[in-house]
Amino acid sequence: MKQTIITILLALVAVSACTQQDNYTISGELSCFVGVLVEDISDIDSVCLVNKANIQQKSAIKDGKFFFTGHVDVPQYSELKIPFHNEQSTDTATLSFILEAGDIVYADGSVKGSVMTDSFVEKRKEIWQLCGEGKDDEAKCLYLEQIEQHRDDAISVALLLTLHPDWMTATEEKKLLISLGDEVKSDFRVQKKLECLMKLQPSDVGDMFLDFEVEYDGKATRLSDYVGKGKYVLVDFWASWCGPCREEIPNLIAAYNKYKEKGLVVLGVAVSDKPEATMQAIKELNIPYPQILNSQKIATDLYGIDGIPEIMLFAPDGTILKRGLRGEVIEKKLEEIFKVK
Numbered sequence: 034m035k036q037t038i039i040t041i042l043l044a045l046v047a048v049s050a051c052t053q054q055d056n057y058t059i060s061g062e063l064s065c066f067v068g069v070l071v072e073d074i075s076d077i078d079s080v081c082l083v084n085k086a087n088i089q090q091k092s093a094i095k096d097g098k099f100f101f102t103g104h105v106d107v108p109q110y111s112e113l114k115i116p117f118h119n120e121q122s123t124d125t126a127t128l129s130f131i132l133e134a135g136d137i138v139y140a141d142g143s144v145k146g147s148v149m150t151d152s153f154v155e156k157r158k159e160i161w162q163l164c165g166e167g168k169d170d171e172a173k174c175l176y177l178e179q180i181e182q183h184r185d186d187a188i189s190v191a192l193l194l195t196l197h198p199d200w201m202t203a204t205e206e207k208k209l210l211i212s213l214g215d216e217v218k219s220d221f222r223v224q225k226k227l228e229c230l231m232k233l234q235p236s237d238v239g240d241m242f243l244d245f246e247v248e249y250d251g252k253a254t255r256l257s258d259y260v261g262k263g264k265y266v267l268v269d270f271w272a273s274w275c276g277p278c279r280e281e282i283p284n285l286i287a288a289y290n291k292y293k294e295k296g297l298v299v300l301g302v303a304v305s306d307k308p309e310a311t312m313q314a315i316k317e318l319n320i321p322y323p324q325i326l327n328s329q330k331i332a333t334d335l336y337g338i339d340g341i342p343e344i345m346l347f348a349p350d351g352t353i354l355k356r357g358l359r360g361e362v363i364e365k366k367l368e369e370i371f372k373v374k
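Numbering (the numbering used here), first residue to last: 34 to 374.
Set out below in structure tokens:
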């Protein structure tokens, strides 16, 4: 009898050990960052893998490549954090994907080998395309449909954290997050998002703007120096190190040049950035409109911004008309306002 019990216990230990064996690998090379974020691959020292519980693994860089291995019970939204330093700044690039069992490869700026990542990227693209076509109602329906369909898995987390739709008020978004499954709400980033929403001051579409003041080089600048002065104001919360931010600059310059004589004000608000790096980017990108420098986290905390660029349009009286503007949607909204054919 005793021998039988020992045999069973040993078998259970063996099964347990087997189930905890590594079931994923993540590998990749960082050559796509050279000439974009860094001049040389040696400017990137390591890559960090962050999971849903904020537990981090670190991989050294060898010949421009990194490698992770481990075990995941269920697919989970994860991030690769890539610290880099160049002449302008020291910061971190973030690559989002869904970690699941299998061999995942990062190359040429995208992740391969994760079926769930492919699925969420495809749906996110569809949603943005609908927004770009001015079909906000359809975009919202598809977004909510996908969230509900994946209300307790990593795709829902990915959509919640990588899309910033302006068709939902903070109250609506809070109710949505509360209604989701435990697997989604166990992600530390979703928890943080919900905590922010619980204490956030009103900054939804239709609300009056929230003012803030920033000091730089002995001068104080306020958002109210521009907003609420009787003109439409397009405000871009951005940073010099943010690739998507830089991609939106030509759209903002085009809007400025086309509508400035019709009463549009375009304003940049530099967040989480060194003022010297911001000014260098302004020069490189030939940005003609005014900037509020050195706001760091003041503006983003106030407006509940957890991803940039965040482009907002304010009405002449200072109320928020639109949040989360991107690409062609900017021009469509301004055409609607200024009735340009």
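All residues carry an ideal CB built from backbone N, CA and C; glycine is no exception.
Specify whether the segment 203-220 and the segment 317-331 touch according to this definition: at least 3 beta carbon pairs, one from each stretch, less than 8 Å apart.
no
Rounded to whole angstroms, what's the CA-CA distance from residue 184 to residue 340? Just pull it up for me.
Position 151 of the sequence shown, counted from the first residue, corresponds to residue 184. Position 307 of the sequence shown, counted from the first residue, corresponds to residue 340. Their backbone Cα atoms lie some 22 Å apart in a straight line.
Own chain residues within Cβ distance below 7 Å of residue 134, not counting five before or after
Numbered from 1 along the sequence shown, position 101 holds the residue referred to as residue 134. Contacts found: 56, 57 and 105.
Count the other CB atoms within 10 Å of the CB of residue 86; is the residue buried (16 or more) or exposed (fewer)?
As a working mapping, residue 86 is identified with position 53 in the sequence shown. That one is exposed.
Going by DSSP, name the residue or residues bridged to residue 303.
Residue mapping note: residue 303 aligns to position 270 of the sequence shown, counting from 1. DSSP lists 271 as partners of residue 303.
Which class does residue 155 belong to by DSSP, given the choice of helix, strand or coil?
Residue numbering aside, residue 155 sits at position 122 when the sequence shown is read from its first letter. In the three-state scheme derived from DSSP, where H, G and I count as helix and E and B as strand, residue 155 is classed as helix.
For residue 223, which three-state DSSP category applies?
As a working mapping, residue 223 is identified with position 190 in the sequence shown. Helix, per DSSP.
Within 8 Å, do at least three Cβ pairs link the segment 260-279 to the segment 289-308?
yes
Specify the secondary structure class of residue 260 as computed by DSSP and reduced to three states.
Position 227 of the sequence shown, counted from the first residue, corresponds to residue 260. Correct three-state label for residue 260: coil.
Residue 131: first and last residue of the uninterrupted beta strand (DSSP E) it sits in
Looking up residue 131 in the sequence shown gives position 98. From DSSP, the beta strand (DSSP E) with residue 131 extends over 123-132.
What number of angstroms, rounded off, separates the C-alpha of residue 350 from the C-alpha of residue 71?
Position 317 of the sequence shown holds residue 350. Position 38 of the sequence shown holds residue 71. One C-alpha to the other measures close to 43 Å.
Cut-off 7 Å between Cβ atoms - residues of its own chain near residue 296, not counting five sequence neighbours on either side:
For the purposes of this step, residue 296 is identified with residue 263 of the sequence shown, where counting begins at 1. Excluding residues up to 5 positions away in sequence, 264 and 265 lie with their Cβ nearer than 7 Å to the Cβ of residue 296 in the same chain.
Among 113, 167 and 96, nearest to residue 144 - alpha-carbon criterion:
The residue you call residue 144 lines up with position 111 of the sequence shown. In terms of CA proximity to residue 144, 113 leads the group 113, 167 and 96.
Hey, would you say the C-beta of residue 204 is under 8 Å away from at least one heavy atom of the ligand SAM?
For the ligand SAM, the structure offers nothing, since it holds no ligand at all.
Three-state class that DSSP yields for residue 371 in the structure shown:
By 1-based counting over the sequence shown, the position of residue 371 is 338. Of the three classes helix, strand and coil, the one that applies to residue 371 here is helix, per DSSP.
Tell me the rounded alpha-carbon separation between residue 365 and residue 196.
The count along the sequence shown starts at 1 and reaches residue 365 at position 332. The count along the sequence shown starts at 1 and reaches residue 196 at position 163. Our two residues, residue 365 and residue 196, have alpha carbons roughly 20 Å apart in a direct line.
Decide if residue 93 is buried, meaning its Cβ has at least 16 other Cβ atoms within 10 Å, or exposed.
Indexing the sequence shown from 1 puts residue 93 at position 60. Note on residue 93: under 16 other CB atoms within 10 angstroms of its CB, so exposed under the neighbour-count rule.
Residues near residue 168 in its chain [Cβ-Cβ closer than 7 Å; skip 5 each side]
Counting from one through the sequence shown, the residue named residue 168 turns up at place 135. Taken in chain order, the list of residues that qualify is empty.
What residues are listed by DSSP as bridge partners for residue 79?
Your numbering for residue 79 matches position 46 in the sequence shown. Secondary-structure assignment with DSSP links residue 79 through a beta bridge to 93.
Test item: CB-CB of residue 268 and residue 370 under 9 Å:
By one-based count along the sequence shown, residue 268 stands at place 235. By one-based count along the sequence shown, residue 370 stands at place 337. Cβ distance not < 9 Å, so residue 268 and residue 370 don't count as in contact.
Taking the C-alpha atoms as reference points, what is the distance between residue 256 and residue 363?
By one-based count along the sequence shown, residue 256 stands at place 223. By one-based count along the sequence shown, residue 363 stands at place 330. The alpha-carbon of residue 256 is positioned some 20 Å away from that of residue 363.
So, at 7 Å on beta carbons, what are the nonlocal neighbours of residue 65 in its own chain, with the 5 sequence-adjacent residues on each side left out?
Within the sequence shown, the letter at position 32 stands for residue 65. Excluding residues within five positions, the ones whose Cβ falls inside 7 Å are 141 and 142.
Considering only the alpha carbon of each residue, which of 201, 115, 199 and 227 lies closest to residue 211?
Stepping through the sequence shown from its first residue, residue 211 is reached at position 178. Residue 211 has its Cα closest to that of 227, out of 201, 115, 199 and 227.
Quick check on residue 209: does DSSP put it in helix, strand or coil?
In the sequence shown, residue 209 corresponds to position 176, counting from 1. Note: residue 209 maps to helix in three-state DSSP.
To the nearest angstrom, report how far apart residue 242 and residue 160 are at their CA atoms.
Along the sequence shown, one-based indexing puts residue 242 at 209. Along the sequence shown, one-based indexing puts residue 160 at 127. Looking at the two C-alpha atoms, the distance is approximately 27 Å.
Tell me which residues share the same chain as residue 333 and place their Cβ nearer than 6 Å to its Cβ, disregarding the 5 neighbours each side in the sequence.
Taking the sequence shown and counting its residues from 1, the one referred to as residue 333 is at position 300. Closer than 6 Å at Cβ, skipping near neighbours: 304.
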